[in-house]
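In UniProt numbering, the protein residues as written are 1 to 341.
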Ligand code: P6P
C-alpha cells in the first residue's frame with residue numbers, strides 16, 4: 001500500500017461519520033449507536049482470542065483462578081454488548097438471543113433506535129476453534145423513548161442497518177445501511193480500529209457452492225430436496241457441474257463465504273423444525289438485508305424473508321440466501337414441488 005493509504009485510513013468510525021454527512025437530516029445518533037456496537041465487537045474479539053487460555057469456554061458454573069463463577073463466553077459477550085449499547089443513550093430497548101424478554105433501557109438513557117442481536121452466534125463451536133460471530137440489526141422506533149415491542153414486530157424491510165462481526169483468523173465486520181452498499185472492515189489489533197478492507201461487496205449472481213446441514217435431509221419437504229438434488233445431480237442437458245458442499249455450522253462463517261464466493265446458504269424448515277432454526281429478528285433479517293444490499297436474494301422458499309412480520313421477538317423462519325440466479329432456482333423448486341408451508 002502507498003503511504004497515502006497508511007496515513008489516510010478509512011476506519012469504521014470515519015466511514016459512519018461520512019455516511020452521516022451524506023444525510024442532511026442526520027443527527028449523529030446512528031454514528032454514536034454504531035460506536036457502541038464497535039466497542040462490543042472489540043471486547044468479544046479480545047475474549048474469543050484468549051478464550052482457551054483463560055478457560056472462558058465450556059459450561060457456566062466453572063470457577064476461574066480467582067475462584068469467581070466463570071461466565072460462559074456468550075453470557076459475558078451479552079453483558080458487554082448490553083452495557084455498551086445502554087450507555088450509548090441511543091436505544092430504547094433491545095432484543096438479545098441470550099435474554100427471553102426485551103431488555104428495556106433506563107428511561108434517562110432511551111433513544112430512538114432498537115437493536116436486535118445475537119452476541120455470540122455459533123458459540124457451541126468455540127471449543128473446536130471454529131469461527132463464531134455477532135449478528136445485529138438496527139431499527140428506527142417511531143415513538144422513540146416511549147416505544148413498545150410492537151414497533152419492531154414489523155416487516156423486515158423496515159430495518160435501517162444490518163451487520164455481523166466474525167471472530168476467526170482475523171476479525172471481519174460487514175455492515176450495510178442500505179443504498180446497495182455492503183462494506184467489509186478488518187480489525188487492526190495494533191490500532192484497535194476496524195479498517196475498510198472490502199469496499200462495496202457484491203455477491204456473485206451464481207456460485208458453485210451449496211451450504212446446508214444434510215444431516216436433516218431425512219426431514220426435508222419435496223421442494224427442498226428437489227432444489228439440493230438439482231445442484232448435486234445437475235441434469236446432463238444443463239451443462240452444469242455439481243456444486244461443492246461447504247457447511248461450517250456457524251451462520252456468520254457460512255454467510256460470509258457465501259457473500260464473497262456466491263452460492264446458497266440455507267437453513268430450511270423440516271419435519272423436525274417446522275419454522276426452521278434461525279431467529280428472524282437477529283439472524284435472518286440482518287443477513288437477508290446484507291445479502292439483498294450486496295445484490296443477492298433471501299427467501300423462505302415461498303416468500304422474501306424481509307417481507308416476513310414476526311409475531312414474537314424470538315420467532316424463527318426458514319431461510320435460503322445467496323446470489324440472485326441461485327435463489328431464483330430455489331424459488332422455482334418451491335413453485336414446482338410440494339412444500340408444506
Ligand atoms: P445445525 C449455530 O448454533 C447456529 O445458530 C447458526 O450459527 C448455524 O447456522 C446453525 O445454528 C447450525 O445449526 O443444526 O446445522 O448445527
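Every residue gets a Cβ at the ideal spot worked out from N, C-alpha and C, and that includes glycine.
Taken from the Cβ of residue 251, at least one heavy atom of the ligand P6P lies inside 8 Å. In this chain, residue 166 is not harboured by any alpha helix (DSSP H); it is covered by the beta strand (DSSP E) spanning 161-167.
Shortest gap from the CB of residue 275 to any heavy atom of the ligand P6P: 8 Å or more.
In the structure shown, residue 23 adopts coil according to DSSP, grouped into three states. Rounded to whole angstroms, the separation of the alpha carbons of residue 94 and residue 103 is 5 Å.
Look at the beta carbons and you see the segment 190-209 touching the segment 285-300: at least three pairs across the two are nearer than 8 Å.
Distance from the CA atom of residue 188 to the CA atom of residue 171, rounded to whole angstroms, is 8 Å.
Between residue 281 and residue 138, the gap from beta carbon to beta carbon reaches 9 Å or more. Here the distance from the Cβ of residue 122 to the nearest heavy atom of the ligand P6P is below 8 Å. Contact between residue 91 and residue 33 holds, since their C-beta atoms are separated by about 7 Å, short of 8 Å.
Per the C-alpha coordinates, the member of 226, 147, 247, 274 positioned closest to residue 266 is 247.
Remark: the C-beta of residue 254 is in contact range of the ligand P6P, defined as less than 8 Å to any heavy atom. In this model, residue 309 and residue 289 are separated by some 14 Å (Cα to Cα).
Counting C-beta pairs with one atom in each stretch, the segment 124-134 and the segment 143-162 have fewer than three that are closer than 8 Å, which means they do not touch. Per DSSP, the continuous alpha helix (DSSP H) segment holding residue 261 begins and ends at 251-261.
Apart from sequence neighbours up to five positions away, the residues of its chain that approach residue 115 with a beta-carbon distance below 8 Å are 33, 37, 85, 91, 94, 95, 136, 137, 138, 139, ordered along the chain. In the displayed model, residue 297 falls within a strand according to three-state DSSP.
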